[in-house]
Amino acid sequence: MTPRWINRRDLLRLAAIAPACAPLAAQNIATPTPRSTVALVHGDNRRKNIANAMTAIDGQIRPILRTKKNVVIKVNNVSTQNQLAASHADAIHGILDYLEPRFKGPVHLVESSAGDTMVGFENFKYNRVAQERKIALIDLNREGKYKVVPMINYDLHAQPCRMAARLFDPDAFVISACMLKTHNVVVATLSIKNMALGAPLHGVGERWNDKRVVHNGVRQTQYNIFLGAQAMKSCWHLAVIDGYEGMEGNGPSSGNPVASRVAIASTDFVAADRVGVDAMGINPDWMGYLKFCSEFGLGNFDSAKIDIRGEKVASVVKKYQLHADIERELEWMGPMQELPKKIG
46 MTPRWINRRD LLRLAAIAPA CAPLAAQNIA TPTPRSTVAL VHGDNRRKNI
96 ANAMTAIDGQ IRPILRTKKN VVIKVNNVST QNQLAASHAD AIHGILDYLE
146 PRFKGPVHLV ESSAGDTMVG FENFKYNRVA QERKIALIDL NREGKYKVVP
196 MINYDLHAQP CRMAARLFDP DAFVISACML KTHNVVVATL SIKNMALGAP
246 LHGVGERWND KRVVHNGVRQ TQYNIFLGAQ AMKSCWHLAV IDGYEGMEGN
296 GPSSGNPVAS RVAIASTDFV AADRVGVDAM GINPDWMGYL KFCSEFGLGN
346 FDSAKIDIRG EKVASVVKKY QLHADIEREL EWMGPMQELP KKIG
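Going by the working numbering, the sequence shown opens with residue 46, and the numbers climb by one from there.
Rendered as structure tokens:
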């Protein structure tokens with residue numbers, strides 16, 4: 046039976062255009078996902094590793110970079126005290142070494158730490174980097190400008206999350222500058238998590254914290270990272286992962302060092318993180334948010350579709366010890382047995 050809201054004229058029109066649309070639909074479904082390129086550099090100098098990794102994919106970076114008015118480098122300061130848990134000043138210098146001869150506009154180094162961002166900037170010597178390299182430091186929490194993105198809370202209710210507006214700026218070339226680290230909820234944290242879980246803001250002098258909206262449960266957090274990535278994807282441009290000294294065990298803030306001595310760079314954040322996970326010896330099937338991102342077209346998670354420039358992944362693998370709660374973390378893979386049976 047034809048629904049009442051479709052009249053005979055509309056039905057005939059749909060019937061007429063259907064044969065023409067069918068080949069287009071088939072063509073779209075059959076279109077292969079473009080391949081991704083990831084630079085993987087191994088060496089004994091953190092700063093050079095980063096610059097060399099970016100240079101290895103210069104042909105992919107520069108056409109986008111030249112269209113932008115400013116550069117935003119989003120660092121990772123999950124801790125404002127422990128250097129092992131935070132982006133290193135030498136890694137920032139490496140990024141700037143690449144940018145300096147290629148970009149003459151303003152460069153902003155930004156973070157929205159769970160603690161006091163400015164304390165991290167001081168402790169990790171970003172202030173010295175800023176003074177020496179003539180860049181600006183911005184605490185996104187104090188700046189307070191945001192875009193609202195829908196997330197789910199622990200009870201699976203929709204909840205708005207305030208995420209830093211600067212990371213959605215269409216005029217900015219946005220770089221995620223993070224590390225190789227294990228994690229206490231989602232197995233490992235790399236470039237995508239640095240953005241999607243680093244962008245939510247908290248009040249300065251006010252009692253609110255939207256990081257808690259995103260970070261709440263082994264299932265919910267995986268899904269919220271994907272939602273954040275989906276909202277931010279169009280404004281992401283370069284993933285730079287500093288694996289000179291990674292963190293294993295009880296990451297992302299209290300683990301132990303691993304001398305991986307690598308740097309990873311790619312314009313595909315999913316592909317960069319996949320290479321990072323492989324370099325850490327982690328089962329990629331455990332990375333829920335990366336798989337979600339790939340399944341919805343945010344990047345390549347399939348290693349067969351990733352071209353590596355530089356070292357072979359097998360030559361740099363170091364198997365990282367995972368967080369003590371790894372068995373609980375992997376519960377996202379199974380059914381939600383804590384809920385009643387399905388109805389309807």
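Glycine residues also receive a C-beta, built at the ideal position from the N, C-alpha and C atoms.
This structure is a prediction, so every number in the text was calculated from the model and none was measured.
Residue i vs residue j beta-carbon contact at 9 Å
i              : j              : result
alanine 233    : leucine 225    : yes
aspartate 214  : valine 117     : yes
asparagine 345 : arginine 306   : no
alanine 310    : valine 83      : yes
asparagine 168 : serine 299     : no
leucine 85     : lysine 357     : yes
alanine 308    : isoleucine 351 : no
proline 151    : alanine 181    : yes
glutamine 341  : serine 236     : In the sequence on display, residue 341 carries phenylalanine and not glutamine. Cβ distance not < 9 Å, so phenylalanine 341 and serine 236 don't count as in contact.
cysteine 223   : valine 120     : yes
asparagine 229 : asparagine 295 : yes
proline 245    : alanine 130    : no
tyrosine 334   : alanine 276    : no
glutamine 366  : glutamate 290  : no
aspartate 103  : tyrosine 143   : yes
leucine 242    : valine 194     : no
isoleucine 106 : alanine 136    : no
lysine 192     : arginine 178   : no
arginine 211   : lysine 190     : yes
alanine 134    : lysine 170     : yes
serine 157     : aspartate 287  : no
histidine 138  : glycine 355    : no
valine 219     : threonine 266  : no
threonine 227  : methionine 325 : yes
threonine 162  : asparagine 122 : yes
Residue i, enclosing alpha helix (DSSP H) - first and last residue
i              : result
aspartate 323  : 314-324
leucine 141    : 134-144
methionine 381 : Where methionine 381 is concerned, there is no enclosing alpha helix (DSSP H), given that its DSSP letter is neither H nor E.
valine 358     : 358-361
asparagine 239 : 236-241
glutamate 374  : 371-374
Residue burial classification, residue i (beta-carbon count within 10 angstroms, cutoff 16)
i              : result
asparagine 328 : exposed
asparagine 52  : Unreliable positioning characterises asparagine 52 in this predicted model, as indicated by a pLDDT of 45, which lies under 50. The coordinate reading is nonetheless provided below. Exposed is the call here.
alanine 209    : buried
asparagine 73  : Reliability fails at asparagine 73, whose pLDDT of 39 lies under 50, so the model's placement of it is uncertain and no value is given.
valine 249     : exposed
methionine 381 : exposed
glutamate 383  : exposed
lysine 238     : buried
alanine 369    : exposed
isoleucine 388 : exposed
glutamate 251  : exposed
tryptophan 377 : buried
alanine 70     : Because alanine 70 sits at a pLDDT of 38, beneath the cut-off of 50, its placement in the model cannot be relied upon, and the point is left open.
serine 221     : buried
threonine 15   : Residue 15 cannot be examined here, being either before or after the span of the chain that is shown, 46 to 389.
alanine 159    : buried
threonine 47   : Because the pLDDT at threonine 47 is just 39, under 50, the model does not fix this residue reliably, and the value given afterwards should be weighed accordingly. Classification for threonine 47: exposed.
aspartate 330  : exposed
arginine 373   : exposed
arginine 147   : exposed
glycine 321    : buried
glycine 165    : buried
lysine 256     : buried
serine 339     : buried
arginine 91    : buried
serine 81      : buried
cysteine 66    : Note that cysteine 66 scores a pLDDT of 40, beneath 50, so its modelled location is shaky; the value from the coordinates is reported in the next line. Under this definition cysteine 66 is an exposed residue.
Endpoints, beta strand (DSSP E) assigned at residue i
i              : result
aspartate 184  : 181-184
cysteine 280   : Careful: cysteine 280 lies outside any beta strand (DSSP E) and carries neither H nor E.
methionine 208 : 203-209
methionine 224 : 217-227
asparagine 261 : Element bounds for asparagine 261: n/a, residue is neither H nor E.
asparagine 301 : 301-303
glutamate 167  : Here glutamate 167 belongs to no beta strand (DSSP E); instead the alpha helix (DSSP H) covers 162-168.
tyrosine 171   : Counting along the chain, tyrosine 171 falls outside any beta strand (DSSP E), though it belongs to the alpha helix (DSSP H) covering 171-178.
serine 311     : 307-311
threonine 388  : Residue 388 is actually isoleucine in this sequence, not threonine. Where isoleucine 388 is concerned, there is no enclosing beta strand (DSSP E), given that its DSSP letter is neither H nor E.
glutamate 156  : 152-156
valine 249     : Premise fails: valine 249 is in no beta strand (DSSP E) and is neither H nor E.
tyrosine 191   : 191-197
lysine 119     : 115-119
- Query: How about the stretch 283-293 and the stretch 95-112: do they share at least three Cβ pairs that are nearer than 8 Å?
  - Reply: Contact holds: three or more Cβ-Cβ distances are below 8 Å.
- What are the start and end residues of each continuous alpha helix (DSSP H) run of 4 or more residues lying completely inside the stretch 326-350, in chain order? The qualifying runs are 333-340.
- Item | Three CB pairs or more closer than 8 Å across the stretch 190-200 and the stretch 249-267 | Short answer: they touch.
- Note down, one range per segment and in chain order, each beta strand (DSSP E) of at least 3 residues found wholly within the stretch 81-106. 81-87
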